[in-house]
Amino acid sequence: NSIGNEGALALSEALKTNTTLTTLDLWNNSTGEEGALALSEALKTNTTLTTLNLGDNSIGNEGALALSEALKTNTALTTLHLWNNSIGKEGGLELSEALKTNTALATLNLRYNSIGNEGALALSEALKANTTLTTLNLRSNSIWEEGALALSEALKTNTTLTTLDLRGNSIEKERTPAQTNVSKASGCDILT
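Using my numbering, you'd call the opening residue of the sequence shown number 14 and step up by one each time.
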């Protein structure tokens, strides 16, 4: 299937008034940036959608920016899959800002987005304030030691994250003693 951005626009209009749909899986549907912008507008008013999969849709950093704005006010969405969308560090920075105030999102999948160390550092700051996220997938995001250490440090104050996936990044495969201690103390499983 490939509904493209036109299909995403039509679905977005329906989501603005729909009160029953809880899961929308648009994986690999070529929604692009324009589709993400439209879906973001719908998320600002929709109160029933709890899961949205936009994996592999080339939404770019502009799509991530729009979704970030929606996440600042949306109180229903608990799971968001944005893997392989070329959001880069800019998209990572914007999503980090949204996580500081979002009170619903429990799972965020950002694997294969090249957010880099800068995105990881921003997410580490967001984790210090966020109290709902339990799973964060950052697999294969061009994160180096600095970013991984910052995320580990954030777990000293974050009490809700239970899974942090850092596999496929440029970090040492063996955990440092500090990472092991943080993982044990926080109860978060850090996957490297």
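Using N, Cα and C, we set each Cβ at its ideal position, and we do this for glycine too.
Residue j beta carbon less than 8 angstroms from that of residue i
| i | j | result |
| --- | --- | --- |
| Gly179 | Leu146 | Reading off the sequence, residue 179 comes out as Leu, not Gly. No, the pair does not count as a contact, with Cβ atoms beyond the cut-off. |
| Thr92 | Lys57 | no |
| Asn115 | Leu149 | no |
| Leu118 | Leu174 | no |
| Ala133 | Ile156 | yes |
| Asn74 | Ser43 | no |
| Asn126 | Asn154 | yes |
| Cys201 | Leu151 | no |
| Glu82 | Lys102 | no |
| Leu65 | Leu22 | no |
Separation of residue j from residue i, as counted between CA atoms
| i | j | result |
| --- | --- | --- |
| Thr35 | Thr63 | 5 angstroms |
| Thr88 | Glu158 | 34 angstroms |
| Glu26 | Glu185 | 46 angstroms |
| Leu164 | Ser137 | 5 angstroms |
| Gly76 | Ser199 | 32 angstroms |
| Leu28 | Asn98 | 22 angstroms |
| Gly45 | Leu112 | 23 angstroms |
| Ser15 | Ser109 | 29 angstroms |
| Ala161 | Leu50 | 30 angstroms |
| Thr30 | Leu24 | 11 angstroms |
| Thr170 | Glu19 | 43 angstroms |
| Gly17 | Leu39 | 10 angstroms |
Which of helix, strand or coil DSSP assigns to residue i
| i | result |
| --- | --- |
| Ser15 | coil |
| Thr36 | strand |
| Ser183 | strand |
Cβ distance (whole Å) where residue i is taken to contact residue j below 8 angstroms
| i | j | result |
| --- | --- | --- |
| Leu121 | Gly104 | Their Cβ separation, rounded to whole angstroms, is 12 angstroms, which puts Leu121 and Gly104 out of contact at 8 angstroms. |
| Leu67 | Leu106 | In fact, because the Cβ distance is near 18 angstroms, the residues do not count as touching under 8 angstroms. |
| Thr33 | Thr61 | 6 angstroms |
| Leu80 | Ser53 | 5 angstroms |
message: Restricting to runs no shorter than 3 residues, where is the beta strand (DSSP E) found entirely within the region 125-178?
response: 148-150, 176-178
- request: May I have a chain-ordered list of the alpha helix (DSSP H) segments no shorter than 4 residues that lie completely inside the region 52-124?
  value: 73-84, 101-114
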